[in-house]
Amino acid sequence: MTRQEIFDKLMEILAAAEGSDEIVKSCTESSRLRADLGLNSVNILYMVIAIEEAFGIYFDDVGVNAFETVGDTVDYIEGKLS
Amino acid sequence: MNGSTRKPKLFSFKNFFHDFVRVTGAPVVLWFRPKRIYTTEKARIIPKGGLLLIANHTDFADPVYMMLGVWQRRQYFLVSEELMDSRHGRLFKACRCIRIDRDNPGVSTFREITERLKSGECVSMFPEGKIAADSSKPSPFKSGAVLMAIRSGVPIIPMYIEKKKSAFGRLRIVIGESVDVRAMYGERPTFAQIDAATKLLFEREQSLSGWLSE
Numbered sequence: 001m002t003r004q005e006i007f008d009k010l011m012e013i014l015a016a017a018e019g020s021d022e023i024v025k026s027c028t029e030s031s032r033l034r035a036d037l038g039l040n041s042v043n044i045l046y047m048v049i050a051i052e053e054a055f056g057i058y059f060d061d062v063g064v065n066a067f068e069t070v071g072d073t074v075d076y077i078e079g080k081l082s
Numbered sequence: 083m084n085g086s087t088r089k090p091k092l093f094s095f096k097n098f099f100h101d102f103v104r105v106t107g108a109p110v111v112l113w114f115r116p117k118r119i120y121t122t123e124k125a126r127i128i129p130k131g132g133l134l135l136i137a138n139h140t141d142f143a144d145p146v147y148m149m150l151g152v153w154q155r156r157q158y159f160l161v162s163e164e165l166m167d168s169r170h171g172r173l174f175k176a177c178r179c180i181r182i183d184r185d186n187p188g189v190s191t192f193r194e195i196t197e198r199l200k201s202g203e204c205v206s207m208f209p210e211g212k213i214a215a216d217s218s219k220p221s222p223f224k225s226g227a228v229l230m231a232i233r234s235g236v237p238i239i240p241m242y243i244e245k246k247k248s249a250f251g252r253l254r255i256v257i258g259e260s261v262d263v264r265a266m267y268g269e270r271p272t273f274a275q276i277d278a279a280t281k282l283l284f285e286r287e288q289s290l291s292g293w294l295s296e
């Protein structure tokens, strides 16, 4: 799976969780999860669970603060898939 | 509701210390046992499978009152890292409390909680996150409890613990009807639905506090 495919799938997850495409329209890899997308720690935890199910991966014992930007999350998924 | 979780065993060696504390503490318990007020007849029915208990938090003794309020269930509390690492930490570990980093909650903590709930255990927590500065009314809830209940498919029972007025008097606890958030919002709710469920629980908690002023 390419990095772009991972990013697109992550955007689908975020859009489904938000209930609209608004959150992902201006989203880039440098977008900050909390400051730019307005997510809180529970939202990030929910996103992580959805990622595990969608990508079939298992997150290690990481805290929600480990993911500062969308790019950090894509990095983590990419690392797990490889 | 709650049909997917198993009924926990009556006795298990891993819970020996937890049960020892419950039995030896019985005389104190009888003296300080809170007066329980149920909002409805349905609220008297405490589910036997996985269950999430929530309450307001105004005092360090609140976990004790929660255990006394719903004595039928063996409850496991979420305990902050600071308390787990304190000199009382061994007690909390022996009672199988769940360690949580309040500032940076981890995926494994969430996984442990949902696994315990799915296995039929009763987890108790304070959605305010910490002891409220103003004990006269509940502080806004964090939405972690809702996510845990939705992901594990267990009901939530809200409780309101009265602020203790005298050292030797009995306080009152109001116990409300269980709330099945998964039935209301499904297994995959949106962020807005999680916030709505959290607001609903907070409103329930506020209405429970109203029972004490009647």
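Line by line, the protein sequences are chains Z and E. Take the first sequence: its letters are residues 1 to 82, numbered as in our numbering. Take the second sequence: its letters are residues 83 to 296, numbered as in our numbering. We put the CB at the ideal spot given by N, CA and C, even for glycine.
**Message:** Just to confirm the assignment, what range does the alpha helix (DSSP H) spanning Met-266/E have?
**Reply:** Looking at the DSSP string, the run of the alpha helix (DSSP H) that includes Met-266/E is 263 to 267.
**Asked** For Glu-210/E, which residues from the same chain have a beta carbon less than 7 angstroms from its beta carbon, with the 5 sequence-adjacent residues on both sides left out?
**Response** Cβ within range, chain order: Asn-138, His-139, Pro-220, Ser-221 and Phe-223.
**Message:** Just checking: is the beta-carbon of Ser-162/E within a distance shorter than 8 angstroms of some beta-carbon in chain Z?
**Reply:** No, Ser-162/E does not count as interfacial toward chain Z.
**Prompt:** What does Arg-181/E pair with, by DSSP beta-bridge criteria?
**Reply:** Paired residues: Val-161/E.
**Request:** Return the first residue and the last residue of the beta strand (DSSP E) that Pro-90/E is part of.
**Result:** No beta strand (DSSP E) contains Pro-90/E, which DSSP labels as neither H nor E.
**Request:** Output yes or no for whether 8 angstroms exceeds the beta carbon distance between Arg-88/E and Ser-260/E.
**Result:** Annotated as distal: Arg-88/E and Ser-260/E, with beta-carbon spacing of 8 angstroms or more.
**Asked** Who are the Cβ neighbours of Val-152/E in its own chain at under 7 angstroms, not counting the five residues just before and after it?
**Response** Only Ile-128 and Leu-135 meet the Cβ criterion.
**Request:** Can you give me the Cβ contacts of Tyr-46/Z inside the same chain, cut-off strictly under 8 angstroms, excluding the 5 residues immediately before and after it?
**Result:** Short of 8 angstroms from the beta carbon of Tyr-46/Z, and not among the five residues preceding or following it, lie these beta carbons of its own chain, in chain order: Ala-17.
**Request:** Taking only beta-carbon positions, decide if Ile-49/Z is within less than 8 angstroms of chain E.
**Result:** Contact of Ile-49/Z with chain E is assigned, a C-beta pair being separated by under 8 angstroms.
**Asked** To the nearest whole angstrom, what separates the beta carbons of Glu-37/E and Asp-183/E, a pair I think is in contact under 8 angstroms?
**Response** In the structure as shown, chain E begins at 83 and stops at 296. Residue 37/E is therefore absent and cannot be evaluated.
**Request:** Answer yes or no: the CB of His-139/E versus the heavy atoms of the ligand GDP, is any distance below 7 angstroms?
**Result:** Only the bare structure without any ligand can be found here, which leaves the ligand GDP out of the picture.
**Item:** Closest Cα partner of Cys-179/E within the set Glu-287/E, Gly-171/E and Ala-231/E
**Value:** The candidate whose alpha carbon is nearest that of Cys-179/E is Gly-171/E.
**Item:** Whole-angstrom distance between Leu-133/E and Asp-262/E, CA atom to CA atom
**Value:** Leu-133/E has its alpha-carbon roughly 10 angstroms from the corresponding atom of Asp-262/E.
**Item:** For Ser-206/E, the first and last residue of its enclosing beta strand (DSSP E)
**Value:** Segment 204 to 207, the beta strand (DSSP E) holding Ser-206/E.
**Prompt:** Which stretch, first to last residue, makes up the beta strand (DSSP E) that contains Val-256/E?
**Reply:** Unbroken beta strand (DSSP E) run through Val-256/E: 254 to 257.
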